[in-house]
Structure formats: structure tokens, C-alpha cells
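Structure first, then comments.
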Amino acid sequence: MDHILVTGGAGFIGSNFVHFLVEHTDAKVTVVDKLTYAASRESIADLPADRVSLVVGDIADQPLMERLVAEHDAVVHYAAESHNDNSLADPSPFVHTNLIGTFSLLEAVRKAGTRLHHISTDEVYGDLELDDPERFTESTPYNPSSPYSSTKAGSDLLVRAWVRSFGVQATISNCSNNYGPWQHIEKFIPRQITNVIDGGRPKLYGAGQNVRDWIHADDHSSAVWTILTTGRIGETYLIGADGERNNLDVVRQILAHFGRPEDDFDHVTDRAGHDLRYAIDSTKLRTELGWSPRFGDFEKGLADTIEWYQAHEAWWRPHKDAVEASYAAKGQ
1 MDHILVTGGA
11 GFIGSNFVHF
21 LVEHTDAKVT
31 VVDKLTYAAS
41 RESIADLPAD
51 RVSLVVGDIA
61 DQPLMERLVA
71 EHDAVVHYAA
81 ESHNDNSLAD
91 PSPFVHTNLI
101 GTFSLLEAVR
111 KAGTRLHHIS
121 TDEVYGDLEL
131 DDPERFTEST
141 PYNPSSPYSS
151 TKAGSDLLVR
161 AWVRSFGVQA
171 TISNCSNNYG
181 PWQHIEKFIP
191 RQITNVIDGG
201 RPKLYGAGQN
211 VRDWIHADDH
221 SSAVWTILTT
231 GRIGETYLIG
241 ADGERNNLDV
251 VRQILAHFGR
261 PEDDFDHVTD
271 RAGHDLRYAI
281 DSTKLRTELG
291 WSPRFGDFEK
301 GLADTIEWYQ
311 AHEAWWRPHK
321 DAVEASYAAK
331 GQ
């Protein structure tokens with residue numbers, strides 16, 4: 001795999017994967033990204049120009065995708081609209097990118113015979129009860145609850161159909177919630193970190209009991225590379241790092257890092273249809289492909305992430321006021 005195309009490679013988890021490729025492989029990487037509000041040129045700007053190039057474009061642009069895919073040995077498909085709150089306000093971009101965009105990419109891959117890995121989310125499975133001893137596995141039925149998760153579920157099913165009907169050489173991974181560098185500050189962890197950096201108070205949906213299974217973006221990247229290089233075609237692998245924490249615990253850990261009292265936060269209006277708990281069983285990935293996370297300690301990964309946002313204030317500062325104004329308008 002000398003030439004790899006990464007869709008959405010200027011976004012949060014996509015750019016982390018591009019950094020991983022540059023550090024751990026000799027591959028040349030082409031990033032195709034629409035550069036919407038959640039992406040940034042800065043996230044890949046420091047990478048060597050002879051290894052990484054950027055094409056600004058829409059994955060739903062069929063001629064563009066056919067040209068790019070034909071020039072590469074493999075495609076890793078990160079591009080997606082992914083913010084639940086935004087999908088509730090306007091589902092149309094989620095249908096366009098997550099469904100039509102994935103269809104366009106699949107047709108390009110089918111035509112070129114190129115290897116594809118499709119990035120998805122654990123949110124396609126719906127949610128679990130807080131006291132449920134079970135975790136999501138590859139055989140868990142899909143039960144999405146938002147326009148975001150339903151369009152991601154639809155994109156997964158498209159990939160599966162193209163594998164079965166047309167012999168497309170593809171794999172799928174469903175990952176738990178990511179955190180780490182370059183994540184837009186509308187997201188839960190960077191929003192709370194930047195609030196505290198500004199001397200403000202974190203904002204907690206409802207009682208803060210909703211549980212997410214957190215994984216550092218570096219660990220997600222290493223898992224994706226493992227699947228791309230050694231995964232079985234047509235298979236789905238769940239990626240998780242045993243990082244279950246409820247939102248209240250995460251807020252308290254952020255406050256503790258800054259030496260603030262554990263109750264120094266505000267309760268805000270809960271999100272509509274807020275899923276209770278996500279939990280990933282990544283046994284298949286670990287036993288079949290031998291993968292394991294580097295950041296097995298969530299507290300260490302969170303501390304590294306806080307330090308990154310402290311060191312990169314110039315990147316997130318221009319967006320902070322607008323993000324907080326948008327949340328304030330919704331009572332959040």
C-alpha cells in the first residue's frame with residue numbers, strides 16, 4: 001500500500017490517522033476533504049509535502065472520486081458528518097455526506113478494484129441500559145436513534161451490500177467515542193477543557209450519567225491500520241479501549257487536573273434522545289488481529305489531551321465564542 005487515499009483526512013480522527021501513517025509507514029497519502037467547519041488545514045499542515053497532499057473536494061462528487069480512487073492502492077473512508085446535535089437541527093448534510101458520499105465512493109472503488117476500509121461508529125447499535133452487563137459486539141443488531149447514527153448505519157449497510165453483490169474488497173470498523181488532538185470544540189471533552197482553560201465552568205447534560213466508551217485517537221489509528229493490513233475482507237471489527245466513563249466522571253477528572261472543586265460545573269438542558277450508554281467488546285479485533293491500545297489508562301490520555309489544548313489555543317480560540325453562543329441558544 002504505497003499510496004493511500006484518506007477521505008475526511010483534515011478532520012479530527014482522519015487527521016490523526018494521517019499523522020499515524022506518516023510516522024509509522026512509508027506510504028504517500030492523499031487527503032480529500034471538503035474542509036467544512038469541523039476540518040482544518042492546520043491539522044495536517046506540519047506534515048511533509050512529499051508525503052501528504054490535500055485535495056479539497058466533496059466525496060459525493062463522483063468524477064472526482066473515480067479519478068482519485070484509481071490513483072491509489074487503498075482508501076480509508078473517514079469523511080462524515082458526525083455531530084449529533086447538528087443532525088437534530090438539520091439532517092440534510094448527514095444524508096448527503098454519509099449516504100450519498102459513501103455510495104459515490106463505493107462506486108469508485110468498485111470500478112477501480114481498490115481496497116476500502118470504512119470507518120463507522122458504535123452509535124449505529126443504539127444504546128444500552130446503565131446496568132446492562134452486555135457490551136456491543138459485531139453481531140449486535142442495529143438500532144440507531146438519531147439522524148447521525150441512522151445515516152452511519154445506512155452507510156455500513158451500503159458497504160456490506162457492495163461487498164456481497166459486487167465483490168468490493170472492503171472491511172468495516174465501528175469505534176467508540178474518540179478524544180485527543182484536533183477535535184472540534186463543539187464536542188464534549190474539548191468543550192469542557194476549553195471552558196476550564198477560559199476560567200469558566202464545564203456544562204453537563206442532565207445528571208451526567210450517560211456513559212461513553214472513550215478511546216484515544218492514536219489508538220483508533222493503530223487499530224484501523226491493523227484492520228487495513230491484516231483484516232479479513234468483508235468483516236466488521238469493533239474498536240474499543242475499555243474506557244467506559246460517565247460524563248460526570250469525565251468532567252470531574254478535567255476539573256481535578258486544573259485543581260478545581262469537583263462540583264464546579266453547571267447542569268444544562270439534556271440533548272433530545274440522548275443515548276444512555278455505549279460499550280464496546282473489541283475481543284475479535286484483539287484475538288484475531290493481535291491489536292491492543294497504547295492508552296489503556298484513560299486518565300493519562302485525558303491529561304495528554306488537556307495539555308494539547310493548552311498548547312494549541314491559537315487553533316481553537318477563534319471558534320470558541322460562536323460555539324458557546326450556539327449552545328447557549330439551546331439552553332446548553
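Heads up: the sequence shown begins at 1 in the numbering used here, then just goes up one per residue.
Every residue gets a Cβ at the ideal spot worked out from N, C-alpha and C, and that includes glycine.
Values in this document were obtained by computation on a predicted structure and should not be read as measured data.
Asked: Classification of G11 by the beta-carbon crowding that lies within 10 angstroms, buried from 16 upward; Found: buried
Asked: Local Cβ density within 10 Å of T287, reported as buried at 16 or more and exposed below that; Found: exposed
Asked: CB contact flag (T7, H77, <9 Å); Found: yes
Asked: Whole-angstrom C-beta distance between F298 and R245, which should lie under 8 Å; Found: 6 Å
Asked: First through last residue of the beta strand (DSSP E) which encompasses R245; Found: 244-246
Asked: Cross-strand partners of I172 (DSSP beta bridge); Found: H118, T236
Asked: Extent of the continuous beta strand (DSSP E) run through R212; Found: 211-213
Asked: Whole-angstrom C-beta distance between E71 and H3, which should lie under 8 Å; Found: 7 Å
Asked: Where Y37 falls, given that 16 or more other Cβ within 10 Å makes a residue buried; Found: exposed
Asked: Cβ neighbours of V56 in the same chain (closer than 6 Å, five flanking residues each side left out); Found: L35
Asked: Local conformation of D218 per DSSP, three classes; Found: helix
Asked: Whole-angstrom distance between I185 and N98, CA atom to CA atom; Found: 22 Å
Asked: The region 257-274 touching the region 197-208, judged by at least three CB pairs closer than 8 Å; Found: yes
Asked: Nearest neighbour of E81, chosen from H96, H24, L68 [CA to CA]; Found: H96
Asked: E138 versus P144: straight-line alpha-carbon distance, rounded; Found: 15 Å
Asked: CB of G340 within 9 Å of CB of D213, strictly; Found: Residue 340 lies beyond the residue range present for the chain, which begins at 1 and ends at 332; the question has no answer from this structure.
Asked: Under the three-state DSSP convention, the category K187 falls into; Found: coil
Asked: Range covered by the beta strand (DSSP E) that runs through Y205; Found: 203-205
Asked: Stretch pair the region 98-113 + the region 123-131: three plus CB contacts closer than 8 Å; Found: no
Asked: For Y309, the three-state DSSP class (helix, strand or coil); Found: helix
Asked: Any 3 or more C-beta pairs closer than 8 Å across the region 212-227 and the region 170-181; Found: yes
Asked: Beta-carbon spacing of L88, G273 below 9 Å; Found: yes
Asked: Beta-carbon gap between L285 and I233 smaller than 9 Å; Found: no
Asked: Backbone secondary structure at Y37 - three-state DSSP; Found: coil
Asked: Under 9 Å between C-beta atoms of Q336 and T114; Found: Given a span of 1 to 332 for the chain in the structure shown, any question on residue 336 remains unanswerable.
Asked: 8 Å Cβ shell around Q62 - same chain, five flanking residues per side excluded; Found: S104, E107, A108
Asked: Element boundaries [alpha helix (DSSP H), containing I44]; Found: 42-45
Asked: Cβ-based neighbour list, L276, same chain, cut-off 8 Å, excluding 5 preceding and 5 following; Found: D127, L128, E129, L130, Q209, N210, V211
Asked: Whole-Å CB distance - I119 paired with V224, under 8 Å assumed; Found: 7 Å
Asked: Alpha-carbon spacing of D90 relative to Y148, whole angstroms; Found: 10 Å
Asked: Span separating the alpha-carbon of F20 from that of D321; Found: 31 Å
Asked: Burial state of L33 (16 or more Cβ within 10 Å); Found: Note on residue identity: the sequence assigns Asp, not Leu, to residue 33. Counting Cβ neighbours within 10 Å, D33 comes out buried, since at least 16 surround it.
Asked: Beta-carbon spacing of A256, G296 below 9 Å; Found: no
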